[in-house]
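Some notes on the structure that comes next.
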Amino acid sequence: MEGVSNNMNEEGNEQGDTIDDINRTTIKEGRVEVIVESSKVFYNPVQEFNRDLSILVLIIYAQELQQTKNLKKRSHVGTFKRDEPRSVAGPSNTNSNDDGITIFEALSASGLRSIRFALEVPGVKHIVANDISVSAVTAIEANIKHNRVGHLVQASHSDAALSMFLYKTDGNYFDVVDLDPYGCPSRFLDSAVQVVKDGGLLMVTCTDMAVLAGNSPETCYLKYGATSLRTYACHEMSLRIALQCVASHANRYGRYIVPMLCISADFYIRLFVKIFTSPAICKETTSKLSYVYQCVGCKTINLHPLGVKETRSNKPPKFNIPHIPEITTCPHCHHKLQMGGPIWHDPMHDKEFVSKMLNYLNKEPSKFRTSRRMTGMLSMVYNELEVPFYYPIDQLCSKVHCNVIPLLEFRSALLNAGYRVSETHAMSNCVKTDAPMIVIWDIIRTWIKEGHPVSSNRLDKEDVMKNILSQEPSNYINFEQHEDAPLSTTAGLLRFQMNPTSNWGPGIRACNSSNRDLKEEKRKAKQNKKKLKCRDEIAENH
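With UniProt numbering applied, the sequence shown covers 1 to 542.
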């Protein structure tokens, strides 16, 4: 089920008609064994969790789709002719299923993902494994033959966006489209949202986290149509920026998205969204998007919707334009505000769908090598509050330089005040809550007053701290342990991957060995470049 034995390597790309028998790696993952050449085809073992999760999502999606088709058949049972064949539910996952799902993998590289879909997802009718690289397609064809899935998987040598446009033009739509590019997927989204069937599933990976997390807001706007901010909740903001980007592409064609599962894991984010067609429902998108106002001092976040949906009895809903927010400075520390977004502020997960995934894992705990981590991640997702963003307690306390409030006391204070609270899958030691920010700061103020004083010397030097603590708490805060405060439902769950290899991460694009060595040298030369520069500047000033 796991392992890499030396013969050849990876999932990605260049030239060549046959696989080099001398320099190759045989990779075993799930029920699949693929042979790849490291210099020509990209493969990242760290993304096994991503592939396992995608397979699980497809299993549940295929089951739901088959149930829907069966219900339609029962409702039209009288319309069948006597000699008309009927498909049998629950086909073997190694045989073609005429009533099964069709999948398009736009950037297939070695074909590992598509072949795993063919062998591990019951009810697959046809899969197209596409790549623009000649060597990648050669590897795909060899691996299809090696795993004996030629009746299910078809290799395709084409530009991904062009290929999807051509399928759509010919009227050939797919139940599932999988985009797993190196970096940003935006250039593929326009064609992807069109070639997915109505009610189909779009799976998208983004690995350019530095852009999404606020390091380059201008680049983020160019790629995703939204400006990113350096915020405590950068992982979740990345997800919400990517969701609004997918929604924007879909809306242009009278289609809208319904997020099923959206996660931040390791060095990437992964979105699973259903695509539906309805120009009328597309109008609701503005009421699902918000601009983000963040204080430059205390990092408090406020959301301002792009539109407001007004429901009316016996009439279609009315969509209004919101007024400009009255505040121009932070009410807590009186610093200026930065604006980012727009972001998707609606729910990011379908809890019923996530519940089905968890039930499947409970019944089949040994199916995936990453089952334990998937269970932990999905359990966190299932228990997450459907409110935007999370708060890292240690970072909040650092703004006023007080001792960090223990998680149990912090959760109890929120629950005792009548608000809901949960953890987040995206970051450890953080809380999600529906409490307004004034309550959060009141908890910290009360904590300081009740025996955890801060240094008076700092109060005179730092205005953020001074302005926050100069205000008296306006809410009664009680730190007595609440019965729902202990994290009993998530205790002991595995969420975050331990470092599997040195220098693990997105990896380097497939290239010849000399270019790979050069890129590795450049990467090492740039490592900690900014940190070392700051250290040198501090040394010079002293």
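Ideal placement from N, C-alpha and C gives every residue a C-beta, glycine not left out. From a predicted model like this one, the values you see are computed outputs, not experimental measurements.
Compare the Cα-Cα distances from L58 to each of R187, A129, V153, M203 and report the closest residue.
-> M203
Can you grab the Cα-Cα spacing for the pair V387 / P473, in whole Å?
-> 24 Å
Coarse secondary structure for G200, derived from DSSP in three states | strand
For Y256, name the three-state secondary structure that DSSP assigns.
-> strand
Is it right to say V421 is buried, meaning 16 or more other beta carbons lie within 10 angstroms of its own, or is it exposed?
-> buried
Length at least 3, wholly inside the region 266-315: the beta strand (DSSP E) runs in chain order = 268-277, 289-295, 301-305, 308-312
Do the region 28-37 and the region 174-183 make contact, defined as three or more Cβ pairs closer than 8 Å?
-> no
Leaving out five residues before and five after L385 in sequence, what residues of the same chain have Cβ atoms less than 6 Å from its Cβ?
-> R420, S422, K432
Look at the alpha carbon of W344 and the alpha carbon of D98, and state the distance between them as a whole number of angstroms.
-> 37 Å
Close Cβ partners of R51 (< 8 Å) along its chain, the five nearest in sequence each way excluded = E29, G30, L112, R113, R116
In the structure shown, what three-state DSSP assignment does C262 receive?
-> strand
State the Cα-Cα distance for the pair V354 and F389, rounded to the nearest angstrom.
-> 20 Å
Kindly indicate which residue of G297, E409, H401, N147 has the alpha-carbon position closest to the one of L459.
-> H401
Close-in-space but distant-in-sequence residues of the same chain around I132 (CB under 6 Å, 5 per side omitted) = D159
Mind checking M237: buried by the 16 CB within 10 Å criterion, or exposed?
-> buried
With 16 other CB atoms within 10 Å as the buried threshold, where does G90 fall?
-> Residue placement at G90 is flagged as unreliable, the pLDDT there being 37, under the threshold of 50; the coordinate-derived value follows with that caveat. That one is exposed.
For G214, does the count of other Cβ atoms within 10 angstroms reach 16, so buried, or fall short, so exposed?
-> buried
Could you round the C-beta distance between Q395 and Q338 to whole angstroms and report it? I think they count as a contact, below 8 Å.
-> Incorrect: roughly 17 Å between the Cβ atoms, too far for contact.
Stretch-stretch touch, CB-based, cutoff 8 Å, three pairs: the region 350-369 with the region 309-316 | no
Leaving out five residues on either side along the sequence, give the residues of the same chain with a beta carbon under 7 Å from the beta carbon of V370.
-> The residue you asked about is not Val; residue 370 is Thr in the sequence shown. If we look at T370 and ignore the five residues flanking it on each side, its Cβ neighbours are E48, F49, D52.
Are L189 and H249 close, meaning C-beta to C-beta below 7 Å?
-> yes
Hey, out of P316, K399, R373, N251, whose CA is closest to F276's CA?
-> N251
Which whole-angstrom value is the C-beta distance of H332 and M437, which I expect to be below 8 Å?
-> 7 Å
Once you ignore the five residues that flank F479 on each side, which residues in its own chain have a CB closer than 7 Å to its CB?
-> E409, S412, A413
For D346, name the three-state secondary structure that DSSP assigns.
-> coil
Cutoff 7 Å; reference T285; Cβ partners in own chain excluding five residues on either side | A247, N251, Y256
Supposed close pair H304, S287 - CB separation, criterion 8 Å | Their Cβ separation, rounded to whole angstroms, is 12 Å, which puts H304 and S287 out of contact at 8 Å.
Locate the alpha helix (DSSP H) running through Q194, then write down its first and last residues.
-> 186-195
Pick out the complete alpha helix (DSSP H) segments inside the region 112-154, 4 residues or longer, and give them in chain order.
-> 112-120, 134-146
Option in T329, G418, I241, A155 with minimal Cα separation from K299 = T329
Rounded to a whole number of angstroms, what is the C-alpha to C-alpha distance between S470 and Y224?
-> 40 Å
Straight-line gap, S228 to P279 (C-alpha atoms, nearest Å) = 28 Å
Under a Cβ-count criterion, where at least 16 other Cβ atoms within 10 Å of its own Cβ denotes burial, should T25 be classed as buried or exposed?
-> buried
Just the C-alpha distance for C282 and G254, rounded to the nearest angstrom, thanks.
-> 6 Å
Output the boundary residues of the alpha helix (DSSP H) element that contains L179.
-> Not the alpha helix (DSSP H): L179 falls in the beta strand (DSSP E), residues 174-179.
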